[in-house]
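The structure appears below as structure tokens.
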Ligand code: ADP
Ligand code: MG
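Residue numbers (the numbering used here): 1 to 631.
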């Protein structure tokens with residue numbers, strides 16, 4: 001690509017394929033809400049002003065002739081033009097080629113796939129989230145000119161495009177450019193001429209960008225005086241009592257690029273040893289990249305109202321969905337990245353903010369269960385990571401957590417509720433982990449627990465298998481997988497009261513179990529009579545030590561476990577089938593062997609697995625059927 005800056009004839013460039021595709025989508029999808037383009041362009045201008053303020057900390061000369069950052073929106077109804085100008089950092093010619101001709105972000109392809117799949121309205125909401133903001137100008141304009149002059153440079157360039165596959169870029173006389181910063185002129189389409197009306201633009205700017213920390217001015221028609229639309233005062237510096245819910249929501253939308261309502265707003269001023277202000281939000285819905293391993297924290301760091309960075313990791317990873325900012329006067333403006341990482345002030349802020357967010361979630365859980373569950377459904381998976389990542393807050397995070405259980409399969413339960421309802425003699429919090437709620441509900445392993453009215457937590461997410469094995473206890477009660485070890489249910493009475501002891505195992509059944517052990521050999525580590533089964537004939541459980549069945553599957557799937565432990569086959573001595581086989585007079589070794597192998601395969605199927613050898617399985621089944629039909 002030619003980027004010879006001394007050449008003044010504009011050069012034509014072809015957009016990168018992804019940009020062209022994106023533009024095509026912008027122009028041709030009929031978004032219901034085109035207003036977002038204004039918010040996107042204003043947010044770019046505000047970013048540019050903040051970047052300049054930051055660079056000026058080390059190079060004060062950059063702003064010495066013009067200190068006050070501002071954004072100006074100018075309307076020209078007659079020529080159907082809308083112009084946005086800022087005195088921010090500006091762009092060099094190369095920067096314009098890079099920023100406006102390519103898409104550096106990996107999120108963009110994901111964005112396009114989502115938009116293509118989404119409904120119109122969601123499409124417009126997605127634009128901001130994915131940061132493809134600039135191109136949204138082509139939703140309302142058929143030609144866009146960008147004139148920019150980088151702060152401190154004596155050259156200016158003009159970028160122009162009709163959004164149809166190519167753009168031109170060339171040098172222009174600095175007299176025709178802002179003294180520094182960027183001027184974007186939109187040549188509006190016929191059906192977008194409303195964006196030259198003061199009333200429309202004022203309404204949109206105030207609603208969408210009312211709390212951008214740079215003042216915004218409007219020039220109603222060519223030659224008119226600029227008047228102030230918003231004063232750029234940072235919302236977070238105002239006292240809480242003077243801020244309305246709508247103002248918080250607007251601010252949240254601006255900072256997050258999401259269009260929903262925040263679920264939780266945390267705004268406080270810490271005084272004393274460390275002074276800082278925090279304004280943070282728990283979003284009302286899940287952002288698209290919540291599980292992207294590269295997703296960084298989204299809390300911005302300001303020092304004395306100057307934006308410093310948005311990757312200071314101001315919150316632990318398990319709060320990576322929180323959006324907002326911290327503004328402190330305790331750090332120097334020229335704080336370096338290394339200083340930020342190691343600063344004791346930052347770790348105090350991190351602690352303080354984490355506590356406030358968790359307490360706010362606790363309060364929400366107490367005051368509005370329904371709203372809390374919405375937050376839990378969106379972010380519970382991530383919050384649970386904290387149970388094993390943040391030892392100090394483990395108990396607090398466990399108390400916040402909600403689970404499905406056999407007691408309330410359609411609803412959520414907290415651990416405190418679980419513990420409160422524990423049966424006499426019950427020592428542990430029982431759980432069954434798997435990948436599917438319906439399958440868990442039908443698992444044979446929980447039958448005996450259900451019969452005794454003992455609640456079993458049904459854990460369906462991979463993260464569950466990790467926290468549950470890392471959490472030694474909750475309120476003194478340990479966690480126990482019902483698919484592992486012995487069930488020890490004889491301590492707890494059944495509701496009818498009379499059978500608290502283990503089921504009687506007859507001599508015949510014992511003989512059958514001994515036979516099964518021999519017949520199954522290496523396939524299992526043990527065969528034993530079960531006290532956890534009431535309806536099913538058999539089930540598989542993991543040996544007492546090591547991972548439970550689900551964790552084992554996860555580790556194997558991730559290639560982190562070479563060989564699975566051999567399971568234990570548990571047999572229900574009361575089951576008619578077992579009684580029949582055990583008591584049968586047939587002294588046919590081959591038949592008994594088929595029966596035992598089939599029982600093991602049945603247990604595998606109940607666990608969501610497949611018979612180990614499908615062919616041998618069908619042959620055995622055929623033999624047993626045939627024999628039954630022969631009578
Ligand atoms: P994002 O803002 O998420 O980076 P955009 O598509 O909105 O994505 O903008 C692309 C890039 O163009 C910005 O990152 C910035 O480098 C550049 N840019 C856009 N508008 C301006 C502006 N007014 N001043 C300086 N740079 C700008
Ligand atoms: Mg942007």
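The beta carbon of each residue, even a glycine, is placed where N, CA and C say it ideally should be.
Since we're looking at a predicted model, the values are computed, not measured.
- Between residue 566 and residue 525, the C-beta spacing is below 8 Å.
- Nearest Cα to residue 513 within the set 246, 12, 571 and 403: 571.
- Distance from the Cα of residue 327 is smallest, within the candidate group 303, 343 and 317, for 303.
- Residue state for residue 551 is assigned as helix, using DSSP reduced to three classes.
- Scanning 220, 116, 192 and 229 for the CA closest to the CA of residue 207 turns up 229.
- Residue pairing by DSSP places residue 149 opposite 181 in a beta bridge.
- Using a 10 angstroms sphere on the CB of residue 59, the tally of other CB atoms stays under 16, which defines it as exposed.
- Apart from sequence neighbours up to five positions away, the residues of its chain that approach residue 319 with a beta-carbon distance below 7 Å are 354 and 357, ordered along the chain.
- Fully enclosed beta strand (DSSP E) runs of no fewer than 3 residues occupy 526-529, 538-541 and 568-571 of the region 525-586, in order along the chain.
- Under the three-state reduction of DSSP, residue 276 is assigned to strand.
- Put simply, of 410, 507, 17 and 446 the residue whose alpha carbon is nearest the alpha carbon of residue 480 is 446.
- Here the alpha carbon of residue 560 sits roughly 15 Å from the alpha carbon of residue 548.
- Counting only the Cα atoms, residue 177 lies some 14 Å from residue 169.
- In this chain, the alpha helix (DSSP H) harbouring residue 400 covers 394-400.
- In this structure residue 212 is in contact with residue 254, their Cβ atoms being roughly 6 Å apart against a cut-off of 8 Å.
- The three-state reading of DSSP puts residue 143 in strand, counting E and B together.
- Separation of residue 584 and residue 404 (C-alpha to C-alpha, rounded to the nearest whole angstrom) is 42 Å.
- The residues 150, in chain order, have a CB closer than 6 Å to that of residue 92 in the same chain once the five nearest residues on each side in sequence are set aside.
- As the crow flies, the alpha-carbon of residue 231 is around 26 Å from that of residue 331.
- Leaving aside the five residues that flank residue 457 on each side, the residues in its chain whose CB is nearer than 6 Å to its CB run, in chain order, 403, 405 and 431.
- The alpha-carbon separation between residue 220 and residue 13 amounts to approximately 34 Å.
- Boundaries of the beta strand (DSSP E) around residue 219: 216-219.
- Proximity of the beta carbon of residue 43 to ligand 2 is indicated: a heavy atom of the ligand is located closer than 7 Å.
- Taking the C-beta atoms as reference points, residue 316 is found nearer than 8 Å to residue 390.
- A direct Cα-to-Cα measurement between residue 472 and residue 464 gives close to 14 Å.
- When distances are taken from the beta-carbon of residue 307 to the heavy atoms of ligand 2, even the shortest one reaches 7 Å or more.
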